[in-house]
Structures are given as C-alpha cells and as structure tokens.
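Participant: Heads up, the final residue of the sequence shown is numbered 394 in the numbering used here, and it's a clean run with no missing numbers. Every residue gets a Cβ at the ideal spot worked out from N, C-alpha and C, and that includes glycine. Note that the structure is predicted; figures quoted are calculated from it, not measured.
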Amino acid sequence: MPADKSLDAGRLEARLAERLAGLRSAGLYRSLCPPTGIDLCSNDYLGLAQHPLLKSRMAAAVDQEGAGSTGSRLLRGERNCFARVERAFAAFKRTERSLYFSSGYLANLAVLTTFPEAGDVIFSDERNHASLIDGVRLSRAEKVVFPHNDPEALELLLRDVAGNGQKFVVVESLFSMDGDEAPLAEYAALCRKYRAPLIVDEAHAVGIYGERGSGLIEARGIASDVFVSVNTAGKALGVAGAFVAGSESAIEYLIQRGRPFVFSTAPPPALAAALEASLEVIEKEPERRQRLLARSTQLRTRLGLNGISQIVPMILGDNERALAVAKELQMAGFDVRAIRPPTVPEGTARLRISVNQGLSKIALDRFAEALEAAMKRETAMKAAQNP
Ligand SMILES: Cc1ncc(COP(=O)(O)O)c(C=O)c1O
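Here you go:
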C-alpha cells in the first residue's frame, strides 16, 4: 500500500493523461457526437427505430410494466412479454427456442463462456467482432484464430489441432466492418465433418437476408448445421438487446449457467414489447428489406464495388486521412464516421458507410458524388504534402 494515497492517484492521473495524449497524436482519439445530417452510418437499416408501431407498443408497455424490470430474469425481473417475444423470435428463426439478452455484447460473452469448457478449442475468424474476441478470451477453452473467410485454412487447423475436447467454430455471417459474407455453406460442411458446433453471429444479417428476413443462416439454408446464432436487436430490429437462438437444451443451459444472463438485471420489459412489433413489421413489410438491398446495390454499383450488402467500406488506410474525408462529408451534410484501429486492423482506417432503406436514390447519388470529390481532394492534398 502506498503511504500517501493522493500521490498514487496523481500517478494514475499522469498515466491517463499520457495515454490520452498518445491516442490524440496517433489519430485514434474518439469523440461522442450525436447524429446530424443524412444517416449513412447507423445500423437502423430498416428504419424501425422510428416506426410508429414499435414506438406505440413500447410506450404502452412502459405504462403497464414500468420503466425498469427490477431484477434478474431468474428473480423478480421476469415478465410474460420476455417469454412471448422469445417464442416469436424462435419461430422467426425456426429454432426450438431463443433467449433475450440486454445486449449483443453480453449475448456473445454468454455463448462463448458457457458452452466451450476447459479442454475445448474455439476456432475464431480473425475479423470477428470485439464481443466475440472478448468472449473467447474469457472462456476457459483454448483459442485458435483462423484467417478471415478461409475455409481451407480452417480445415487444416480443425484437422491438426489435437485433443479430445469439443471443437467450436465461431464466425459472423455478415462482417460488421467489411460488409462481406462468410462462406457459411463451406463452414457448415466442415463443422459436420469435424463434428464441431457452429456458432454464428447474425448481428448485421438478421431482419434483412433470406426469404423471411431472418438472416443469412436462412438465406444459405444451413439452419440444421448451426448450434446457436446470436441476433442483435439494436440494429435492423431497431430496438436493443439480442436473441440467442438454438435448441431447447442449449437455451435451457444458458438460463441455468450463462453468467451474463444470470447475474444481470433483466432489460426494461418495454424493449421486449417493441421487439414483438419489430418482428411483425419485418413479416408484414418485406418491401423495407427489398428497398434496402436495392439502395445498397445502387451505391455499390455507383462506387464500382461488387456485392450487395448494406455495409460499404471505403478503406483509406491512414487514420488522419479517414478522419479528414469523414469531416468533409459531414460538413456537406452526410453523417459518415471514420472507423479506426482497434475496431479495424492497423493501416486499414476507413469510412464504414451503411445504407438504410429510407435513403432516396437522389440522396445516395449526391452522397456518392460528394464522397468521390472528397477522396480526390484528400489524395491531391496528400500528394502536395509529400511530393
Ligand atoms: C458482429 C457484432 N456482434 C455483436 C455486436 C454487439 O451487439 P450490441 O451492440 O447489441 O452489444 C455488434 C455490434 O455492436 C456486432 O457488430
């Protein structure tokens, strides 16, 4: 124990100041900025966050249930609306059961710390989201990171990593920062061959892909090969939280042993009520996802990019460059944000443009023009600085 506590606190203050200065000089300092301008960066892909049905159901549920849940689901925090929305979500995903968590981050921690045990091995894509990485870190299983979207490399690792434990494979179905799709059919075949349960994070796919909009698991026809999926509810579903969907026994085990479920206050019940509405809208208004994919294709074609996904990365490399282009677009009225390490690998700072179904064709064309002009100006300025 230090003799003088205030001196020690001073040392910590100095360290924090040094760290913050380091972030500033590396172009890695972040600021909290509320939305302004035309939305090209939120995850409200289907526009459900402002949907009147969701808002009215949520308001009615607050009236009836109150603002907070008052306890863990296993204590006084349980409500009928949680069970109702979980049944509805399981039906949507065509799984036996589902379980609602207060965030996707917690859902991923729960899945990865509850099912894999000591002696098991988790095979994780190198581009997986921070919540999956942290789940793997917290788990007692061993971890093997495999190259992004590379089923051949994964197969070699599955074959060569020894041990009697259970092998798990964990991937995102649509990667959050690159907007590219995982080769799900190949992974499903590998997981069958090596008897490895497949865990799929559908954060950016649920609500959008597949005939019924339930995600890429549906679209690629691999439902029977997936052990559990994690489906965030704060993105296309427009609210907050996440559903883990899977078999009766997987969900029952999470309720019994999933620490982020057991040891955390249940979400406000009104969120569950709003999510029931969200599932109804996704079923009744398929034109929202059709419009989203049409607009995404329009922007991608205009920028000369392949693919159809609503996440369009413009990789600029340098942190300062990404910040400068984002700033210029913001000044022109477009809400685009720069994404820098550690969210993306070093040297791949980018604009993560996300399309939503409410954007008009004209607005998207104007945005593409502004983007091209901003990138050109930035390149010219950089060339002038380093002749
Ligand atoms: C792929 C992926 N998984 C999980 C999460 C975490 O979800 P949540 O924001 O609900 O915590 C996110 C986004 O934040 C994500 O992009």
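#1: Going by beta-carbon coordinates alone, are A189 and N156 separated by less than 7 Å?
#2: Would DSSP call A345 helix, strand or coil?
#3: Nearer than 6 Å: is that true of the beta carbon of T120 relative to any heavy atom of ligand 1?
#4: Under a three-way DSSP split, which group does M321 fall into?
#5: Can you tell me where the alpha helix (DSSP H) with N326 in it begins and where it stops?
#6: Going straight from the alpha carbon of L310 to that of K389, what length do you get?
#7: Along the alpha helix (DSSP H) that carries A169, what are the first and last residues, could you check?
#8: Quick one: what's D208 bridged to in DSSP?
#9: What separation, rounded to the nearest whole angstrom, lies between the Cα atoms of A74 and A67?
#10: With H, G and I counted as helix, E and B as strand and the rest as coil, what does DSSP make of S303?
#11: Decide if S361 is buried, meaning its Cβ has at least 16 other Cβ atoms within 10 Å, or exposed.
#12: Starting from the Cα of K200, find the closest Cα among K383, I215, L181 and F175 and give me that residue.
#13: Give me the residue from A210, R94 and A33 with the minimum Cα distance to N50.
#14: Quick check on A281: does DSSP put it in helix, strand or coil?
#15: Mind checking who D46 pairs with in its DSSP beta bridge?
#16: Cutting at 8 Å between CB atoms, please list the residues of its own chain near V69, excluding the five before and the five after it.
#17: Does at least one heavy atom of ligand 1 sit under 6 Å from the Cβ of G245?
#18: Can you tell which of N238, E255 and R302 has its C-alpha closest to the C-alpha of L282?
#19: Hey, how far is the Cα of G220 from the Cα of A240?
#20: Alpha carbon to alpha carbon, how far is A114 from V288? Give it in angstroms, no decimals.
#21: Tell me the residue span of the alpha helix (DSSP H) that contains P116.
#22: Is D141 close to ligand 1? I mean its beta-carbon at under 6 Å from any heavy atom of the ligand.
#23: Look at the alpha carbon of V368 and the alpha carbon of R302, and state the distance between them as a whole number of angstroms.
#24: Would you grab the beta carbon distance between V235 and A257 for me? Rounded to a whole angstrom, and I think it's under 8 Å.
#25: Among the candidates D187, E179, A195 and I140, whose CA atom is the shortest distance from the CA of E162?
#26: I need the straight-line Cα distance from S395 to A95, nearest angstrom please.
#27: Quick one: grab the DSSP three-state call for R144.
#28: Output the distance between the C-alpha atoms of G228 and L30, rounded to the nearest integer angstrom.
#29: Tell me where the beta strand (DSSP E) around A249 begins and ends.
#30: Kindly confirm or deny that the region 123 to 132 and the region 140 to 160 touch, where touching means at least three C-beta pairs closer than 8 Å.
#31: Can you check which of these residues, A375, I315 and E294, is closest to T304 by C-alpha distance?
#32: Can you tell which of L27, P267 and E149 has the C-alpha that lies nearest to the C-alpha of Y107?
#33: With distances taken Cα to Cα, identify the nearest neighbour of N326 among I346, D342, K334 and R295.
#34: Can you list, in chain order, the residues of its chain whose CB lies under 6 Å from that of R296, leaving out five sequence neighbours each side?
#35: Whose CA, out of C48, A273, R373 and G340, lies closest to the CA of A247?
Facilitator: The answer reads as follows:
#1: yes
#2: Three-state result, A345: strand.
#3: no
#4: strand
#5: N326 to M338
#6: 22 Å
#7: No alpha helix (DSSP H) holds A169; DSSP gives it neither H nor E.
#8: E179 and V237
#9: 11 Å
#10: helix
#11: buried
#12: Of the candidates K383, I215, L181 and F175, the one whose C-alpha sits nearest the C-alpha of K200 is F175.
#13: Of A210, R94 and A33, the residue nearest in Cα terms is A210.
#14: Of the three classes helix, strand and coil, the one that applies to A281 here is helix, per DSSP.
#15: D342
#16: P275 and A277
#17: Because no heavy atom of ligand 1 lies under 6 Å away, the Cβ of G245 does not count as near it: no.
#18: N238
#19: 13 Å
#20: Taking the straight line joining both Cα atoms gives about 24 Å.
#21: Looking at the sequence itself, residue 116 is Leu, so the reference to Pro does not match. For L116, the uninterrupted alpha helix (DSSP H) segment begins and ends at G111 to T121.
#22: no
#23: The question names Val, yet the displayed sequence has Lys at residue 368. About 7 Å.
#24: 5 Å
#25: Looking at D187, E179, A195 and I140, the one whose alpha-carbon comes closest to that of E162 is A195.
#26: Here the chain has residues from 8 to 394 only, and residue 395 is not among them.
#27: helix
#28: Distance between the alpha carbons of G228 and L30: 44 Å.
#29: For A249, the enclosing beta strand (DSSP E) has its first and last residue at A249 to G253.
#30: yes
#31: Measuring from the Cα of T304, the nearest candidate turns out to be I315.
#32: P267
#33: I346
#34: I215 and G220
#35: A273
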